[in-house]
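Visitor:
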Amino acid sequence: MPTVKITVSNPAKKTAVQREFEEPQAIFLGKKLGDKVPADSIGLAGIELEITGGSDKEGFPMRKDIEGQGRKRVVLSGPPGFHPDRAGKRKRKSVRGNTISADIVQINTKIVKQGAKAAEELWGVKPKEKQKEEKAAKTETKPAEEKMAGQKPEAKAEAKPAEHKHEKPKEEGAAEKAEAKMGVKKVE
Numbered sequence: 014m015p016t017v018k019i020t021v022s023n024p025a026k027k028t029a030v031q032r033e034f035e036e037p038q039a040i041f042l043g044k045k046l047g048d049k050v051p052a053d054s055i056g057l058a059g060i061e062l063e064i065t066g067g068s069d070k071e072g073f074p075m076r077k078d079i080e081g082q083g084r085k086r087v088v089l090s091g092p093p094g095f096h097p098d099r100a101g102k103r104k105r106k107s108v109r110g111n112t113i114s115a116d117i118v119q120i121n122t123k124i125v126k127q128g129a130k131a132a133e134e135l136w137g138v139k140p141k142e143k144q145k146e147e148k149a150a151k152t153e154t155k156p157a158e159e160k161m162a163g164q165k166p167e168a169k170a171e172a173k174p175a176e177h178k179h180e181k182p183k184e185e186g187a188a189e190k191a192e193a194k195m196g197v198k199k200v201e
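Taking the working numbering, I'd label the letters of the sequence shown as residues 14 to 201.
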C-alpha cells in the first residue's frame with residue numbers, strides 16, 4: 014500500500030507543512046472536497062481541517078465538480094487538471110472524483126480552526142520558508158577563511174598557446190616536409 018502525504022496549509026501565516034503516513038487515514042476516507050474534519054487522529058490536537066484537494070498515485074488531480082471516487086475523462090476548460098494557454102480552449106483530460114478513496118496518495122488541507130499549538134509545533138516540522146532562512150543564515154555566518162578552506166588554490170596562469178585536441182604540435186620545418194612529400198617545388 015502506498016504512503017499518503019498530507020499537506021496542511023495555514024492561510025493566516027501563509028505556511029504549509031507536509032507529513033507522510035504509511036496507510037490512508039480513516040478520518041479522510043469517504044470524505045469529499047470541502048468537508049471539514051478534526052485532525053486529532055493525525056497528531057494535530059484541537060485543529061480542524063478543510064479538504065481542499067488531492068491526487069492519486071499516477072498524479073491525476075481531484076476535482077470538486079466531479080462526483081465519485083473513480084477516475085473519469087471529462088472536457089475541461091480550466092484548472093485543476095488543465096491549464097489552457099489561451100482563453101476558450103477546452104480539452105478532454107482524466108481527473109479524479111471529489112471523494113477520497115484508498116487510491117489517493119496526496120491530500121491537501123487548510124486549517125479552518127486553529128488549536129492551542131500550531132501544526133508545525135505539533136508535527137515537529139519546520140515550514141520551508143524557515144528552513145531556507147536558517148540555511149541562508151548558516152552560510153552568511155561562516156568567516157571567509159572557512160569558506161576558502163574547502164576550495165582549491167587558483168592555478169598560476171602560464172602562457173601556453175591553445176592547442177586543439179585533433180591537431181598535432183607543429184614542428185619546425187613541418188611545412189617544408191609536407192611540401193616535399195607532395196612534390197611541390199618552391200620557385201625562387
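We treat Cβ as the ideally placed atom computed from N, Cα and C, and that holds for glycine.
#1: Out of curiosity, what's the CA-to-CA distance linking Gln38 and Gly91?
#2: If you follow the alpha helix (DSSP H) that Lys194 is in, where does it begin and where does it stop?
#3: In the DSSP assignment, what residue or residues form a beta bridge with Gly56?
#4: Around the C-beta of Leu89, are 16 or more other C-beta atoms found within 10 angstroms, so that it is buried, or is it exposed?
#5: CA-CA distance, Gly81 and Ala149?
#6: Between the segment 46-61 and the segment 95-109, can you find at least three pairs of beta-carbon atoms closer than 8 Å?
#7: Let me know if Thr16 comes out buried or exposed under the rule of 16 or more other beta-carbons within 10 Å of its beta-carbon.
#8: Smallest Cα separation from Gln31: which of Pro74, Asn121 and Ala58?
#9: At the 8 Å Cβ level, is Gln119 part of the contact set with chain C, yes or no?
#10: Determine the DSSP secondary structure at Ala149, reduced to helix, strand or coil.
#11: From the DSSP output, which residues share a beta bridge with Val108?
#12: Using only alpha-carbon positions, find the residue among Val108, Gln119 and Leu62 that is nearest to Gly128.
#13: At a cut-off of 7 Å, is Leu62 close to the ligand HEM when judged by its beta-carbon and the heavy atoms of the ligand?
#14: Please return the same chain residues whose Cβ sits closer than 7 Å to the Cβ of Asp60, not counting the five positions on each side in sequence.
#15: Would a C-beta distance cut-off of 8 Å place Arg76 and Pro97 closer than the cut-off?
#16: Can you give me the C-alpha to C-alpha distance between Ser68 and Ile19, rounded to a whole angstrom?
#17: Helix, strand or coil: which one does DSSP assign to Lys169?
#18: In or out: Gly110 buried (at least 16 other Cβ within 10 Å) or exposed?
Guide: Inspection of the coordinates gives the following:
#1: For Gln38 and Gly91, the distance between alpha carbons rounds to 30 Å.
#2: It spans Ala187 to Met195 - the alpha helix (DSSP H) in which Lys194 sits, taken as one unbroken run.
#3: Paired residues: none, contrary to the question.
#4: Label assigned to Leu89: buried.
#5: Rounded to the nearest angstrom, the two C-alpha atoms are 46 Å apart.
#6: They do not touch, by the three-pair rule.
#7: By the neighbour-count definition (other C-beta atoms within 10 Å, threshold 16), Thr16 is an exposed residue.
#8: Of Pro74, Asn121 and Ala58, the smallest CA-CA separation from Gln31 is found for Asn121.
#9: Any reference to chain C falls outside this structure, which holds one protein chain only.
#10: In the three-state reduction of the DSSP assignment, Ala149 falls in the helix class, which pools H, G and I.
#11: Residue pairing of Val108 in beta bridges, as defined by DSSP: Lys85.
#12: That would be Leu62, whose Cα lies nearest to the Cα of Gly128.
#13: Ligands in the displayed structure: none, and consequently the ligand HEM is not present.
#14: Residue identity differs from the one stated: residue 60 is Ile in this sequence, not Asp. Within its own chain, the residues whose Cβ lies closer than 7 Å to the Cβ of Ile60, once the five positions on either side in sequence are excluded, are Ala52, Ile124, Lys126, Gln127, Gly128 and Ala132, listed in chain order.
#15: For Arg76 and Pro97, no; Cβs fall outside 8 Å.
#16: So the alpha carbons of these two residues sit roughly 11 Å apart.
#17: Residue confidence is low: Lys169 scores 49 on pLDDT, short of 50, so the model does not pin down where it sits. Its coordinate-derived value is still stated next. DSSP places Lys169 in the coil class of the three-state scheme, outside both helix and strand.
#18: By the 16-neighbour rule on beta-carbons within 10 angstroms, Gly110 is buried.
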